[in-house]
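Below is one structure; the comments refer to it alone.
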Amino acid sequence: MSPAGPLAWSLESTDGAARLGRLATAHGEVETPVFMPVGTAGTVKAMTADAVRSTGARLILGNTYHLMLRPGAERVARLGGLHRMADWPGPILTDSGGFQVMSLAPLRKLDADGVTFRSHVDGSEHRLTPEISTAIQHQLDATITMAFDECTPFPATEEQTRDSMAMSMRWAARCRAAFAPRPGYGQFGIVQGGVFQDLRDRSVDALAAIGFEGYAVGGLAVGEGQPTMYAVLEATVPRLPTDRPRYLMGVGTPDDILGSVARGIDMFDCVIPTRAGRTARAYTRRGVFNLRNARFADDDRPLDPGCACPLCTRHTRAYLHHLFRCTEMLGPMLLTWHNIQYYQDFMRGIREAIRAGRLAQHAAAQRATWQEGDDSP
Ligand SMILES: [Zn+2]
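Under this note's numbering, the residues of the sequence shown are numbered 8 to 384, in order.
This is the structure we're talking about:
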């Protein structure tokens with residue numbers, strides 16, 4: 008049921024720091040912990056919307072940077088918003104565009120008010136500020152709007168990180184002021200502060216004082232390594248408001264997700280399953296395989312016998328190997344479908360384990376099976 012107030016998250020059960028919950032939005036409910044497939048430019052690459060839904064995915068991500076350049080936010084709004092344009096009536100989270108401007112756009116110029124940049128597509132000049140990013144996400148009809156911030160580069164000195172975080176917190180207040188509340192919609196603030204815990208703490212306090220429907224942890228998975236990422240989560244997550252969802256941006260591998268759920272994270276997004284699907288890397292119950300490898304040329308078994316996707320129920324590893332060797336489009340299509348199915352099955356397994364109070368045993372069993380691999384010659 009769609010909430011009368013803002014988007015709301017409710018806790019169902021806990022297992023240690025891990026949380027099982029439910030997100031009620033204007034576009035339907037989502038069970039957490041959840042993994043969001045990345046639908047960069049209004050499409051999860053190589054997948055129809057029906058195929059994405061069939062995997063059990065309920066929440067997808069769209070990229071403001073790509074959509075503002077093509078087809079343009081005003082055009083998306085005229086076409087009925089991203090939900091209608093992309094045939095995705097379910098909830099959609101959009102990023103703020105800031106991270107991709109810094110990683111993709113040439114000739115970008117950051118100032119205290121925002122960032123001016125040239126499009127990587129046609130060189131045209133554009134500008135993003137907290138107000139513009141929030142307005143664009145409204146035009147896209149994002150169910151969840153992200154605050155516009157600067158993802159502090161890694162590595163950075165403590166002084167650089169402090170200045171960057173302080174600017175992001177000033178921008179967070181401006182984003183909140185620019186956000187138009189609607190029933191079942193919400194806006195998330197983003198914790199920055201790099202690997203400096205006192206800065207992370209100050210960032211959490213600043214965001215909680217503003218008040219958002221959810222809180223993201225940003226600036227991780229940028230090269231600091233898993234032990235440092237976990238250390239930051241262990242110190243930061245317990246300080247976040249307990250009645251709001253927590254989103255770890257851009258993470259990650261199945262192993263990163265297991266470790267982060269155990270540290271209290273509820274939401275994830277990453278390009279890994281879709282990008283890997285286009286480059287012949289398969290995520291399975293037995294670990295990661297490269298389907299270009301010659302050992303699969305005569306392997307007539309299903310990729311992952313535990314998986315119900317079309318690739319695993321109808322085709323062999325040998326066929327998928329052949330498709331990638333011939334650069335046939337069907338290879339990336341089938342393997343993207345499988346990888347997204349695997350990630351959704353994996354998240355379902357995590358939710359069932361939290362409900363049963365056995366996440367630690369479940370995580371140990373998952374890691375053991377990945378290590379084992381399969382018995383391919
Ligand atoms: Zn499969």
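All residues carry an ideal CB built from backbone N, CA and C; glycine is no exception. No experiment lies behind these values; they were computed from the predicted model shown.
- Placement of the Cβ of D129 at a distance of 8 Å or more from every heavy atom of ligand 1 is found.
- If the five residues before and after D94 are omitted, its C-beta is found closer than 7 Å to the C-beta atoms of A56, all from its own chain and listed in chain order.
- Rounded to the nearest whole angstrom, the CA to CA distance from A48 to H73 is 6 Å.
- Taking V198 as reference, the option from L240, G230, T334, A112 with the minimal CA-CA separation is L240.
- A distance criterion of 8 Å places the beta-carbon of L318 in contact range of ligand 1, judged by its closest non-hydrogen atom.
- In the assembly as shown, D118 is an exposed residue. Its beta-carbon has fewer than 16 other beta-carbons within 10 Å.
- Judged by the Cβ position, A315 qualifies as a neighbour of ligand 1 at the 8 Å threshold, a heavy atom of the ligand being closer than this.
- By the C-beta criterion, the segment 29-47 is judged to be in contact with the segment 261-274, since at least 3 inter-stretch pairs fall below 8 Å.
- Exposure of R82 is indicated by the presence of fewer than 16 other C-beta atoms within 10 angstroms of its C-beta.
- Taking a C-beta distance under 9 Å as the contact criterion, A370 and G266 qualify as a contact pair.
- It is roughly 8 Å from the alpha-carbon of A269 to the alpha-carbon of L366.
- Residues of the same chain with a CB within less than 7 Å of the CB of P113, apart from the 5 flanking positions on each side, are R125, H127 in chain order.
- The segment 266-346 is shown to contain whole alpha helix (DSSP H) runs of 4 or more residues at 279-285, 317-321, 324-332, in chain order.
- Scanning the segment 186-219 for uninterrupted alpha helix (DSSP H) segments of 4 residues or longer gives 204-217, listed from N- to C-terminal end.
- If you check the C-beta of Y350 against ligand 1, you find no heavy atom less than 8 Å away.
- Cβ contact annotation for P10 (same chain, cutoff 7 Å, sequence separation greater than five): A31, P190, G191, in chain order.
- For W344, the distance from the CB to the nearest heavy atom of ligand 1 is below 8 Å.
- Of the candidates L206, R251, L66, Y349, R251 places its Cα closest to the Cα of A223.
- Annotation for V108: Y72, R115, V122, F124, L135 place their beta carbon closer than 7 Å to its own, counting only its chain and skipping 5 residues before and after.
- Here the alpha carbons of L27 and G364 stand approximately 10 Å from one another.
- Counting C-beta atoms within 10 angstroms of its own C-beta, R77 has fewer than 16 neighbours from the protein chains shown and is therefore classed as exposed.
- Inter-residue distance for I151 and P162 is about 29 Å (C-alpha atoms, whole angstroms).
- With a cutoff of 9 Å on beta-carbon distance, H328 and D306 are scored as near each other.
- Counting only the Cα atoms, A58 lies some 16 Å from M92.
- Within the DSSP secondary-structure output, V37 pairs in a beta bridge with L30.
- Membership of R60 in the alpha helix (DSSP H) is indicated by the continuous run 56-61.
- When distances are taken from the beta-carbon of D311 to the heavy atoms of ligand 1, the shortest one is below 8 Å.
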